[in-house]
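> Got a structure for you, questions after.
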Amino acid sequence: MKSGQAFLATSGPRYFLACLYAIWSREVKRSVRESGQLVGAFSRPLLWVIIFGVGLTPYFRTGLRETTFVVPFTYMQYIFPAVVVLNILYPSIQSAVSLIYDRQFGFFREVFASPVPRSAVFLGKLLGGATVATLQGSLVLLLGPYVDVTIASPSLLAILGVMFLVSLAFTAVGLLIASRLKSFEGFGVFSNALILPLYFLASSVFPLDPSLSVQQQQQVFPPWLVLLVRSNPLTYAIDLLRHFIIDYHEHPLGLDVAVVIGLTILACALSYREFRR
12 MKSGQAFLAT
22 SGPRYFLACL
32 YAIWSREVKR
42 SVRESGQLVG
52 AFSRPLLWVI
62 IFGVGLTPYF
72 RTGLRETTFV
82 VPFTYMQYIF
92 PAVVVLNILY
102 PSIQSAVSLI
112 YDRQFGFFRE
122 VFASPVPRSA
132 VFLGKLLGGA
142 TVATLQGSLV
152 LLLGPYVDVT
162 IASPSLLAIL
172 GVMFLVSLAF
182 TAVGLLIASR
192 LKSFEGFGVF
202 SNALILPLYF
212 LASSVFPLDP
222 SLSVQQQQQV
232 FPPWLVLLVR
242 SNPLTYAIDL
252 LRHFIIDYHE
262 HPLGLDVAVV
272 IGLTILACAL
282 SYREFRR
């Protein structure tokens, strides 16, 4: 009878949720207590929105007016949704460093020797990293009034939903990388080599003129650049956020939504498969 009660205590949905919550809260508390992450969460958007945005605003508006179309927003407003995503990318992928830390210092040996389901460990780490990344991305929204961006209350829920999906996708990418690598140094080099090209090739700091066809865009920009931007899934995530934040988008909304959801599902599935190995 006692063995049956012990089995019930270490199985079932309540036990699974308790394990998931324990891993999730550990990830969130560890991230919140790290002062370096908090400094980056505040300094990164200030650097991009204030210094980068102010510095390039004159060139952005003049260039577009002379060549193609008149835009109904400033350059700071254009890059604002992209800065939200940038503040999500770093904590999402960097949160996976804890996977290497736990593997090297024995935490996983203790966890996997216990009856804790491996899926609960994976989901706890995934949701913990995504929660922290969404919170850091939300900090950028506080700068909205300073760049004349007004976020309507009905749009806020949709914005947070997109942010959370992007956070899930890139936390999963971080876990996938960390599952393959064994050193902190290797993870840092690999993650930085991934984040910056992915971000700059996502139409984050320059627009592909929506009044032009793909063939015309390839005459204005190098064809290889147009191809990379249009094949980058982050392009559609930023575009979807622009729709909700500044009411502007370069691609069909259905395509944006499909790519974001598809990226999240694919990244989580691949990451979980690698994690189980």
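Okay, so the sequence shown: first residue is 12 according to the numbering used here, each after it adds one.
Every residue, glycine too, gets a C-beta built ideally from N, C-alpha and C.
All figures in this text were calculated on a predicted structure; none of them were measured in a lab.
1) Quick one: give me the first and last residue of the alpha helix (DSSP H) that threonine 142 is part of.
2) Please list, in chain order, all residues of the same chain as serine 178 whose beta carbon is under 6 Å from its beta carbon, the five residues on each side excluded.
3) Cα separation between isoleucine 272 and serine 194?
4) Based on Cα-Cα distance, which residue from Leu110, Val94, Asp159 and Tyr101 lies nearest to threonine 85?
5) Report the residue from Ile276, Gly139 and Phe232 whose alpha carbon sits nearest the alpha carbon of valine 38.
6) Scan the segment 232 to 268 and note each continuous alpha helix (DSSP H) run of 4 residues or more that stays entirely inside, going in chain order.
7) Under the three-state reduction of DSSP, which class applies to arginine 193: helix, strand or coil?
8) Can you confirm whether the segment 246 to 254 touches the segment 85 to 95 when touching is taken to mean that 3 or more C-beta pairs between the two stretches lie within less than 8 Å?
9) Buried or exposed: tyrosine 157, going by 16 or more other Cβ atoms within 10 Å of its Cβ?
10) Just checking my contact of serine 214 with isoleucine 170 at CB under 8 Å: how many whole Å lie between their CB atoms?
11) Between asparagine 203 and leucine 57, what straight-line distance do the alpha-carbon atoms span, to the nearest angstrom?
12) Return the chain-ordered list of same chain residues with a C-beta closer than 6 Å to the C-beta of serine 282, the five sequence neighbours on each side being excluded.
13) Would you mind sorting lysine 40 into buried or exposed? The rule is 16 or more other CB atoms within 10 Å of its CB.
14) For leucine 176, tell me which candidate among Ser164, Leu205, Leu137 and Leu28 has the shortest Cα-Cα distance.
15) Buried or exposed, going by whether 16 or more other CB atoms sit within 10 Å of the CB of valine 151?
16) Using C-beta distances below 7 Å, list every residue in its chain close to phenylalanine 201, excluding the 5 sequence neighbours before and after it, in chain order.
17) Output the distance between the C-alpha atoms of methionine 174 and valine 268, rounded to the nearest integer angstrom.
18) Among Ala107, Asp258 and Leu31, whose alpha-carbon lies nearest the alpha-carbon of proline 165?
19) In its own chain, which residues sit with a C-beta less than 6 Å from the C-beta of isoleucine 162, not counting the 5 before and 5 after it?
20) What do you get for leucine 97, buried or exposed, if any count of 16 or more other CB atoms within 10 angstroms of its CB means buried?
21) Starting from valine 160, trace the alpha helix (DSSP H) both ways and give me its first and last residue.
22) Using 10 angstroms around the beta-carbon of alanine 280, count the other beta-carbons present and answer buried if the total reaches 16, otherwise exposed.
23) Per DSSP, what kind of secondary structure is proline 24 in: helix, strand or coil?
24) Under three-state DSSP, which class holds alanine 29?
25) Leaving out five residues before and five after tyrosine 210 in sequence, what residues of the same chain have Cβ atoms less than 8 Å from its Cβ?
26) Counting along the chain, where does the alpha helix (DSSP H) carrying leucine 100 start and finish?
Looking at the coordinates:
1) 129 to 152
2) Ile99, Ser103, Ala141, Ala144 and Thr145
3) 31 Å
4) Asp159
5) Per the sequence shown, the amino acid found at residue 38 is glutamate instead of valine. Closest by alpha carbon: Gly139.
6) 234 to 242 and 244 to 257
7) Checking the sequence shown, residue 193 turns out to be lysine, not arginine. Coil, per DSSP.
8) yes
9) exposed
10) Rounded, the Cβ-Cβ distance is 18 Å, inconsistent with contact.
11) 20 Å
12) Ala183, Leu186 and Leu187
13) exposed
14) Leu137
15) buried
16) Ile188 and Leu192
17) 12 Å
18) Asp258
19) Gly155
20) buried
21) Premise fails: valine 160 is in no alpha helix (DSSP H) and is neither H nor E.
22) exposed
23) helix
24) helix
25) Ala93, Val96, Leu97, Leu100 and Leu245
26) 86 to 105
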